[in-house]
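Protein chains in written order, with numbering that gives the first Met the number 0: chain A, 0 to 127; chain B, 0 to 360.
Backbone N, C-alpha and C fix where the C-beta goes; we use that ideal spot for every residue, glycine too.
Input: a single structure, listed below in C-alpha cells.
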Amino acid sequence: MSHIPTELKYVSSHEWLRLEADGSVTVGITEHAQELLGDVVFVELPKAGAVLAADEQAGVVESVKAASDVYSPIAGEVLEVNAELEGAPELANSAPYAEGWFFRIRPANVADLDALMSADAYAAEIGA
Amino acid sequence: MTAAQRTPLYQAHLDAGAKMVDFAGWDMPIHYGSQLKEHEVVRSDAGMFDVSHMTVIDISGADAKRWLQQLIANDVAKLGFVGKALYSGMLNEQGGVVDDLIVYLAEDGYRMVVNAGTTAKDLAWMDAHLDGFDVTLRPRRDLAMLAVQGPNAIDKVCAVKPDWAESIRALQVFQGLPFGEWFVARTGYTGEDGLEIMIPAGEAAEFFRELQQAGVAPIGLGARDTLRLEAGMNLYGHDMDEQVSPLEAGMGWTLAMKDSRDFIGRAALQAQKEAGVAMRQVGLVLEGRGVLREGQKVVVEGMGEGIITSGTFSPTLKHSIAIARVPAATGEHAQVDLRGTLTTVRVVKMPFVRNGKKVFE
C-alpha cells in the first residue's frame, strides 16, 4: 500500500505538490509513481528561472524499466531544483516525499492548487 | 484469458517479498525490493533465479541424434560425453529463429531447455518434424529449475549439498551431471560463474529455502534482464525472432556449417551469405545521461538505419548499454534517436561485462 501524505496535493500524472510557508510550491513524484517506475537511474530537472505552463513538461525520470516525463502541475517560475537528486537519483525511490523532491516553483496563481486532488481523491484514483 | 501459471516456487517468492508480474503467461517475481541491488548481489556474491517457467524436454529414441542434426543449426555431434551442453538456434526454412535453446547429451538421448514464451510453438514445430524418425519427446513439467549465479554461487550450492560438492566442483563450463532425478549444469545467463539446477518439483521449495539460509539472495526477472544484457546475451523475441537471421543477431558462431549436414534453414543461410549479410549485431554504449531502450532507431551516417533490440541502464558500468542491429559496415560511432534527440553512441564488441568486470574497449 502506497504512502499518501494527507497534507499534500496530487495530480493524476503522479506528481505531488506541497505549499511552503513562503508561498512557493515543492513538486516531486509520489510513492506510487516510484513503485511503478522501479529503480530510478537518471533524472532531468528543469532550469531554475524557467517559466512553465500548467501541465508543461518539466523534466524526465528514467528508471531501469522506462523513461517517464515529469510535468509541472501548475503554472509558475522554477525557483530551485534538487541538485542532490541528480547525483543520487535513488532518492526518488527511498524518500519520494522528502529528499527525493524534484523542483520548487513560484506559482503564477496560488489558488490553482485548490483545483488539484486531495490525498483521498488521489488514493481513489490509483485504487489504493 | 486463462489464469497465469505458477511455478513450484510461487509461495517461496511471496514469502521472500517478491513483486509478482505476468511473464509469458507465468506469475513470476520481477524483483524482491530493488532490481539494482539484486543485480549487484549476483555480480559480487550469489543470487538465484526461478527459471521453472522454461521447459525441459527429454528426447529419446534410436533416431534422436539424426533428428536433432536436422532440427537445429548447431551440431549435436559436438557433444562428446554425457552432460556436455550446446547452445543453438532452431531455425525455420527462411533461416529465421524459431527459438534459441540449450541441449545436453544424456544417458539415453538428449535433454533440451527452451524458452517459456515459445514452448507451445516449439513443441508444435518439433512434432511437425517428427515424421520418419524414431524419436519420443517428453516435456518434463515435473521439474523445477533454479539458476544459482555469481562468484560465490558454486561454493554456496556445495555448502547445501556437501555430498555432491566434489562432483560439482569438477564440472567444466557448459557441462552438467545428473544426481538421481536432479541435474546440475555449469551454465547460466548472467556472465558470472554458476549453476543451473533441475529439481523434482516437490523438492524445489525446500532447496530454495536452504540456499536462502546459505546466503543466496532471490533475484527477479528485472535483474536477470540487466545481467544478461551486460553479458551480451540475446533474449528471444527481442534480439532475434522468426524474422531475424542468426547471421544478423550475433549467432553466427552457433551455425555449424563446415560439413554438408542439412539442417532446416541451412539453404537460406547459405543464400544470405552469398548475397552478403546486410546487418550485424553490435553493442552500443552511451556514456552520458539517458537510457537506450528497445525499439529506438539507430542512424549510421551514409549507411542507413538500424534498431536497438535491447537497451538498459547498466548497474555495473553506471551508464546505458544496448544490443543493436545495424548496417554491417557501421564503424565506431552511430547515433540513436533518444526521445527526439539524435545522440552519439559508441559501437563496441560485446560482451560489456564478464565476471564482474568491464570487458569492451
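Helix, strand or coil at residue i [DSSP, three-state]
i, result
"VAL172/B", "coil"
"PRO106/A", "strand"
"ASP99/B", "strand"
"PHE48/B", "strand"
"TYR96/A", "coil"
"ILE3/A", "coil"
"SER244/B", "coil"
"PHE132/B", "coil"
"ARG260/B", "coil"
"HIS13/A", "coil"
Which listed residue (the options) has its alpha carbon closest to that of residue i
i, options, result
"ALA200/B", "ALA143/B, ARG185/B, LYS77/B", "ALA143/B"
"ALA123/B", "ASP98/B, ALA146/B, LYS64/B, ASP107/B", "ASP98/B"
"LEU285/B", "LEU337/B, VAL325/B, HIS237/B, GLN269/B", "LEU337/B"
"LEU8/B", "LEU268/B, MET232/B, PHE207/B, ASP57/B", "PHE207/B"
"GLY380/B", "PHE262/B, MET232/B, ALA277/B, GLU247/B", "Residue 380/B is absent from the structure shown; chain B starts at 0 and stops at 360."
"ILE196/B", "MET125/B, LEU228/B, ARG185/B", "ARG185/B"
"GLU37/B", "PHE173/B, VAL215/B, PHE178/B, GLU241/B", "VAL215/B"
"TYR31/B", "VAL20/B, ALA270/B, GLY301/B", "VAL20/B"
"VAL112/B", "VAL50/B, THR329/B, PHE132/B", "VAL50/B"
"ALA47/A", "HIS31/A, GLY126/A, ARG105/A", "ARG105/A"
"ASP21/A", "ALA123/A, MET116/A, ARG103/A", "ARG103/A"
"GLY287/B", "SER62/A, LYS8/A, ARG17/A, PHE41/A", "PHE41/A"
"LEU170/B", "ALA84/B, ALA115/B, ASP224/B, ARG140/B", "ALA84/B"
"ALA164/B", "VAL172/B, ASP154/B, GLN34/B", "ASP154/B"
"HIS237/B", "LYS357/B, ARG324/B, ILE218/B", "ARG324/B"
"LEU136/B", "GLY193/B, GLY289/B, TYR109/B", "TYR109/B"
"THR5/A", "SER117/A, ALA65/A, GLY126/A, VAL63/A", "SER117/A"
Sub-8 Å separation of residue i and residue j beta-carbons
i, j, result
"TYR96/A", "GLY27/A", "yes"
"LEU84/A", "LEU90/A", "yes"
"GLU247/B", "ARG227/B", "no"
"PRO72/A", "GLU34/A", "no"
"VAL134/B", "ILE58/B", "yes"
"MET89/B", "LEU210/B", "no"
"GLY95/B", "ASP240/B", "yes"
"PRO28/B", "ALA17/B", "yes"
"THR189/B", "VAL41/B", "yes"
"LEU112/A", "LEU16/A", "yes"
Where residue i falls, given that 16 or more other Cβ within 10 Å makes a residue buried
i, result
"GLN269/B", "exposed"
"SER11/A", "exposed"
"ARG260/B", "exposed"
"LEU341/B", "exposed"
"PRO45/A", "buried"
"ALA119/B", "exposed"
"ARG168/B", "exposed"
"GLU273/B", "exposed"
"ASN73/B", "buried"
"PRO245/B", "buried"
"SER313/B", "buried"
Chain E within 8 Å of residue i, Cβ atoms only
i, result
"PHE359/B", "You won't find chain E in this structure, because its protein chains are A and B."
Task: Inter-stretch contact at 8 Å, needing at least 3 Cβ pairs: the region 65-80 of chain B / the region 150-159 of chain B - done: At 8 Å Cβ cutoff, the stretches do not touch.
Open item on the list: Tell me whether the region 264-280 of chain B and the region 312-319 of chain B touch, counting them as touching only if at least three CB pairs, one residue from each stretch, are closer than 8 Å.
Closed with: With the cut-off at 8 Å, the region 264-280 of chain B and the region 312-319 of chain B do not touch.
- [ ] Could you tell me whether the region 47-54 of chain B touches the region 54-67 of chain A, where touching means 3 or more Cβ pairs closer than 8 Å?
- [x] no
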